[in-house]
Structure formats: structure tokens, C-alpha cells
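S.K.:
Chains as they are written, first to last, in my numbering: chain R, 4 to 380; chain H, 4 to 380.
1. Looking at residue 45 of chain H and residue 105 of chain H, is the spacing between their C-beta atoms short of 7 Å?
2. Any residues in the stretch 150 to 166 of chain H with a beta carbon nearer than 7 Å to a beta carbon of chain R? Which ones, in chain order?
3. Looking at chain R, is there any beta carbon in it that lies within less than 7 Å of the beta carbon of residue 240 of chain H?
4. Would you kindly check if the distance between the Cβ of residue 314 of chain H and the Cβ of residue 284 of chain H is under 7 Å?
5. For residue 37 of chain R, count the other beta carbons within 10 Å of its own beta carbon; 16 or more makes it buried, fewer makes it exposed. Which is it?
6. Whose C-alpha, out of R:220, R:186, R:207, R:43, is nearest the C-alpha of residue 81 of chain R?
7. Given a limit of 9 Å on CB to CB distance, which residues of the stretch 199 to 225 of chain H reach chain R?
8. Comparing the C-beta of residue 36 of chain R with each C-beta of chain H, is any distance below 7 Å?
9. Please classify residue 185 of chain H: is it buried, with 16 or more other beta-carbons within 10 angstroms of its beta-carbon, or exposed?
10. So the beta strand (DSSP E) residue 25 of chain R belongs to, where does it begin and stop?
11. Looking at residue 317 of chain H and residue 299 of chain H, is the spacing between their C-beta atoms short of 7 Å?
12. Taking 7 Å as the cut-off, decide whether the C-beta atoms of residue 324 of chain R and residue 124 of chain R are in contact.
13. Quick check on the DSSP output: the beta strand (DSSP E) that includes residue 70 of chain H runs from which residue to which?
14. Can you tell me whether residue 88 of chain R is helix, strand or coil according to DSSP?
15. At what residues does the beta strand (DSSP E) containing residue 179 of chain H begin and finish?
16. List the endpoints of the continuous beta strand (DSSP E) containing residue 350 of chain R.
17. Closest by CA to residue 116 of chain H, which one among H:143, H:127, H:97?
18. Can you list, in chain order, the residues of its chain with a C-beta nearer than 6 Å to that of residue 297 of chain H? Leave out the 5 residues immediately preceding and following it.
19. Hey, quick one: how far does the beta strand (DSSP E) through residue 117 of chain H stretch, first residue to last?
20. Suppose you measure from the CA of residue 371 of chain R to the CA of residue 136 of chain R; what does that come to, to the nearest Å?
21. Does residue 217 of chain R pass the burial test, meaning 16 or more other C-beta atoms within 10 Å, or should it be called exposed?
22. Within the same chain, show all residues whose beta-carbon is closer than 8 Å to that of residue 65 of chain R, passing over the 5 residues directly before and after it, in chain order.
23. Work out the CA separation of residue 83 of chain R and residue 4 of chain H for me, nearest whole Å.
24. May I ask you to report which of helix, strand or coil DSSP gives residue 126 of chain R?
25. If we count the other Cβ atoms within 10 Å of its Cβ and call it buried at 16 or more, is residue 191 of chain R buried or exposed?
26. I'd like to know whether the C-beta atoms of residue 263 of chain R and residue 240 of chain R end up nearer to each other than 7 Å.
27. Can you tell me which of the three DSSP states residue 191 of chain H falls into?
28. What three-state label does DSSP hand residue 265 of chain R in the structure shown?
29. With a threshold of 7 Å between beta carbons, is residue 60 of chain H in contact with chain R?
30. Quick one: which residues of the stretch 168 to 188 of chain R get their C-beta closer than 8 Å to a C-beta of chain H? List them in chain order.
31. For a contact defined as C-beta to C-beta under 8 Å, what are the partners of residue 108 of chain H on chain R?
32. Compute the Euclidean distance between the alpha carbons of residue 170 of chain H and residue 204 of chain H, then round it to the nearest angstrom.
33. Taking the straight line between their C-alpha atoms, what separation do you get for residue 41 of chain H and residue 120 of chain H?
34. Secondary structure at residue 213 of chain H, three-state DSSP: helix, strand or coil?
35. The beta strand (DSSP E) with residue 219 of chain R in it runs from where to where?
36. Using CA atoms only, rank isn't needed, just tell me which of R:234, R:369, R:227, R:362 is closest to residue 255 of chain H.
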């Protein structure tokens, strides 16, 4: 093969620019340099570098080990520079370049991705973010409240009745349970219409501005159709699980189809060997989530306080050109924990309490009012 | 609330039917019954069961612990029956009900999902499968051969030249490297056109029937557009990474848009705490993949022979109403291993050797012919 022919002449100056991925790697000290180079190759050209005849590809496209640091016994923190150009500025491909094949190697965890402004700018991040959600529900200078319509199996009228109770209590955002989809017992259009009408009526009664976030899910054409119905019915937000629907679907949804904020749900995201602060905190936000639900420490899930703080920090961190997103700690929370959660997360957060309110039985409306009052204090 | 009102009267008889999910759970023996019930709740109604007032929901929708068996020290195998109705017969929602929230709990691994015929039938599985791919490339009574166009960074003409060499050597399927997407150095339409023309010309020369599988990727509308271009250019297959694009996207793609077989790639699938035989073997197939690439044992990835055999078995298992899919072991394979791989997988498999062929340098065409000859023997 002629070298000139194989050369990709049009590699722009941009191709030289890198984003970096930081991995935690289990390795003996003697092997780590070789292992780090292997990851750099796996995540870029995925072939023996010595067999590449095009010097420009070796220079511009092959991943580059930027640093290796010890990180506890038998572990190292490896930072690898990857060409921005390889991502095609597309969400799925960015994840592919950061962790596609290496996700199949159990000695490696993806901890961190640092993106140049151009790459962040290509996605745009939240269209509403914390301030947009505050404006939507008219909640300023305090944390927000959120609860969930459950259980699935209820018919639209029963869900609507529940929503009315929540809205009358003054809860800011009522979301569908993440298991509520488009099932025969509560088809999407019937459910969203009934619940939104109930919330609108309750808002009229109380003068409140409770927003309803129906779950939109399914394959891409279904998601677009459901988003349209949600708009037509006047839903103020939507609930969406990017790891079930697809990360690039989130980005296209917010870019092309959705006029209201996205409340992202972590379903199916937990088993990944990716730091939660990166996936739920940074990537969900960059690809367009306005608010992100995650398991709070001390509930039904095992996230530590440090992990939760990391997620919240990533959602609210100053990233040039991108709005901050709202942290939504959840998962087995109770009204008793409100003060402690407010202390931990501060006012730029939305507390989500679901089952614990429903478990109050006949006292449920009172429990909702107590929840709202404690957060507004 | 009035009980009659909250009841979902229209729960059909079908709602009583269950699919089962089997989890491996780390737990003390004294706690496992409670833990199993908690998983059954988490994966269905996600609220305290005692707070559900509708008896029919408790009966039909709440997950049910079917069995608990010891599974090694400190571990149990828990089988849970979940209502088919909760899935809405949709791919993402099926995964949500099987592992959505529980994926966030590190003591649980999803091992197995058993689906009733109706649920399998709702997806349809491979449209071509093993026999369809054999017919496409004219390969009967033997294993198939596959290689990859690499490295990314090459311009379309260089990739086309490489493809011509592979096709002249008689390799059955030439796929894009999974890192090749829609990048500035090789835009999708230019690349697919150039490569397919080269393969077509080589086929005309040799009388062979090599198929080209371009990577299609990106957000849903991009994927549909790329599928259309691939058809127009005459590509025989496509390469697609369901975990990057979204599982429901795979299903909609094969159902509504794609006229050629899908070669599924495991990128981003490895870090999940889901048995590889279930995700790559069974679910990819059921949602429509015709052939599935996975890391062979003894290569750059850590899958054991048993894991690889499990994946291959799931792809080829007799499932009523569904075609068998083609196992494609890969990941650091070499021509030297062909005989052993044929012994291990039998003839209903496609061997994928990528980098090792390219590493042969000037001997690359000869290495390709050797690969083909060894498999055809």
C-alpha cells in the first residue's frame, strides 16, 4: 500500500485536540505501563500500533497515555488522551471511545472524562436546568419536593386521584413511577391526559404550580409520539431513563423533540463499572438532562455519602456554556430525613419521597403536607 | 380512596402470566427470604406491598418469589416471577422490569430471564439468523470468516483498498471497526459507498460473495438515515452496538427500517452485572440481532470458555418461533487459533480476526487467504 494513499489527508487541526478519560486499573506495578498503552490502543485504533503505516494516524488518532499514578494497593489511575475527532461529536460514539471495548475488561473502571469546551458545546447540556425548573414550578430560594405515582397496575383515574392529592398538598413535581410505561392497564395517552387534568384542576384550586412528569419510554418513534402527547396534554416535565432508551436517544430527544425539562432516571445504569458521578452526574447532564434522580445514601441502595456528594457536585459544577442540573436524591427516603437531606444537599436540590408517603395510608395527604412544609421551612 | 375506584378493572387474564428473572444474590442465609421479597417488590411496584389497597394489583402485578436456592458460600439463586403485562411488550421496559432499579444494588447479578412464547413472539428475533447469513454469503456446511476495517483515521479510499484485499482473499464478512462512525476523516456516506464499490468489484473478479457490514451508529434519526444509505449502496449487513445506541433502538431498527442482517457488537455491554449469555446471547437475539460478536476466551478479554460456550449456546438454542443467531467469537484472535476455535464452536459460527491480519504487514493478503483456507478446510 502506498503511504500517501492510506493517509487521511483531511485530518483537520482539530483532530490533534484530545479529551481525556481516567481509568482505575487493577494491575501489578511491573505491568501497568504496558496495560495503560493497551487501553490507549483498545480505545482508539484497536489494532497493533506498529502495523499502522500512516504516521498521521499514529500521531493524531492513537490514544496517548498522559499519566499513571498509584491509586491504592494493586491499583493505578491511568489518564488517557483520546482524539476529539474520533467521537464524531456524537453522544454514543463519545461513550464508545471512552469505554466501548474496555467495558468488557473487568480490571478497568472508568472514573472521569474531561472534555474540551468544543465537545461540551456540541451537546449543549440542560435546556432548562435548575433555574428553568424553579421557574416552571415557581419555587425560589428553597429546595424542591417530588413524589411518584405508584403502584403500576392502577388505572388512569386512580393515578389521577393520587396526583390530585399530591398536587393539593403542594408538592412541586409529581412523576410517574419509573415502571409505569405504556401498559394495557394504563395506556400512555389515557394516563397522561387524566393525570394532567387532575393536576391542572388542583393547581387552579390551590393557586399552586405543581408539574407532572410522565414517564416517556420505548423505541425512538414511540418516544417521539409520547413526547408530543405529553406536550399536547400540558405536562410540565417528562421522566426518562437514558440507559434503557439509549444515551443518544436522550440527546436527540432534547435537541429535536422536547419542549419541557427532562427528569432523568437511573434505571439500568447501576451495574456499569463507571463512576456514578461521571455517568449520572456529568454525562446525563451534558447530553441534556435538566434534573437527575439518583439513590441517596442510607436508603434501599448502597451509594455512599461521598458518591452522592460527587453526583450532586457534578450536576451543579460550573461547566462553561452549560446550565446546572438539579440533583434529585431518592430511593427509600422518608419525611423524617428531610432536614438532614437539606443540610447535605443544600437548596439546589429536589427531594424525592415516594413509597413512604403512600405507606402513610389514610394519613397520606397529611404526610404530603408535612413533607412540603418541612422543605419550605 | 374507594377501593373500586383505584382498581384497574381491565387487567386482562394475561396480566396473570409471568416471566421469570433469576438473580444471584449475596446474602446471609438468615436474610435471603426478606432480600428476595425486596427484589420482587423493587422490580414490580416499587413501594411497600402492605400499602397497596387493590387486591388485584397485589395478586397480578407484584413480583413473586418463585424459588430460592443456595449458590455457593454466602450466595443464593433467587427466581422471581414478574407480570408479562408490566413490560408493555417493549424491549426497554422488559429490561427495566428485569433489572432497572436492582441494577443499582451491587449485591445482585441478573443471571437468566425466561420468557413465555408470547413475549418472545412480540419481538420476533433475528429476521435472517444463521441460515439467512449463510445464504447471503453463499457459505454452507462450514464456519464463516470475518475481519474488520481498521484503523479509524483512514480515509474512505484507504479503507476501500483494504476491503478489496480482504474480499479478494475470500473472507465472508468485512465489518467496519466498531470505532468507525461518522467522523470527518471518513464520513459515513463517502466511506460506505467507496468500500461497497470495492467489495462489489472484488466479488465480480473472484466470483465470491463477500458482504460488507458498515457500522451504523448515532442518534435514532441518524441511524435510520445511515441504514437507508447502506441499503442504497448495497451493503449486505450492518454492524450495530445495541448498548451504545439503545436496546429499544435495535428492535425498532430491525422491525421498521432494516432490510439486511444485523451483526451486533458488544461495545459498552461488558460492565453490566448481567450474565453475558443472557445479554449478548439471549436478549440481543430476541430483539433482532442476526449475529453477535463477543470476546472469545484467551484473547484480550477475560471471558472464560464456559462463558463463551454459554453465549454461543444461547444464540443457537431452540427457541420457539425464533431463528438461531450466529456466534461471532473475536477479540485478539489469530489464524493459529482457527482449528481450536472450529473445534470449540463448530461450523455454525463466524470467526472474526481483525488486528492479527493487519499486523502481517506485506504478508497481509497471504494471511487473509490462509485464514479463509483454514476455515474452509
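Ideal Cβ positions, reconstructed from N, Cα and C, are used throughout, including at glycine.
Here the structure is a predicted model, which is why all the values come from computation and not from measurement.
M.R.: This is what the structure holds:
1. In contact: residue 105 of chain H and residue 45 of chain H (Cβ atoms closer than 7 Å).
2. Per Cβ criterion, the list reads 153, 154, 155, 156, 157, 158, 160, 161, 164.
3. Not closer than 7 Å to any Cβ of chain R, the Cβ of residue 240 of chain H fails to qualify, so no.
4. Cβ atoms of residue 284 of chain H and residue 314 of chain H: closer than 7 Å.
5. By the neighbour-count definition (other C-beta atoms within 10 Å, threshold 16), residue 37 of chain R is an exposed residue.
6. Nearest option by C-alpha distance: R:43.
7. From the stretch 199 to 225 of chain H, only 220, 221, 222, 223, 224, 225 have a Cβ closer than 9 Å to chain R.
8. So, not an interface residue.
9. Residue 185 of chain H should be labelled buried.
10. Where residue 25 of chain R is concerned, the enclosing beta strand (DSSP E) starts and stops at 21 to 29.
11. No, the Cβ-Cβ distance between residue 299 of chain H and residue 317 of chain H is not below 7 Å.
12. The beta carbons of residue 324 of chain R and residue 124 of chain R sit closer together than 7 Å.
13. Residue 70 of chain H: member of the beta strand (DSSP E) spanning 67 to 73, first to last residue.
14. Shown here, residue 88 of chain R sits in a helix according to DSSP, grouped into three states.
15. Annotation for residue 179 of chain H: the continuous beta strand (DSSP E) segment containing it runs 176 to 179.
16. DSSP places residue 350 of chain R in no beta strand (DSSP E); its state is neither H nor E.
17. The shortest C-alpha separation from residue 116 of chain H is found at H:97.
18. Once the five neighbours on either side are set aside, the close Cβ partners of residue 297 of chain H are 269, 283, 314.
19. Membership of residue 117 of chain H in the beta strand (DSSP E) is indicated by the continuous run 111 to 117.
20. When rounded, the distance between both Cα atoms is 20 Å.
21. That one is buried.
22. Contacts found: 43, 44, 47, 48, 52, 55.
23. For residue 4 of chain H, the predicted model reports a pLDDT of 38, less than 50, meaning its position is unreliable and no value from the coordinates is stated.
24. Here residue 126 of chain R sits in helix by DSSP.
25. That one is buried.
26. Yes. Within cutoff.
27. Helix, per DSSP.
28. Three-state result, residue 265 of chain R: strand.
29. Yes, residue 60 of chain H lies at the interface with chain R (some Cβ there is under 7 Å from its Cβ).
30. Residues are counted here when their Cβ sits less than 8 Å from a Cβ of chain H; for the stretch 168 to 188 of chain R these are 180, 181, 182, 184, 185, 186, 187, 188, given in chain order.
31. Simply 273, 303, 304, 305.
32. So the two alpha carbons sit approximately 9 Å from each other.
33. Those two C-alpha atoms are separated by around 27 Å.
34. In the structure shown, the three-state DSSP call for residue 213 of chain H is coil.
35. Here residue 219 of chain R belongs to no beta strand (DSSP E), and DSSP marks it neither H nor E.
36. Among R:234, R:369, R:227, R:362, the Cα nearest to that of residue 255 of chain H belongs to R:227.
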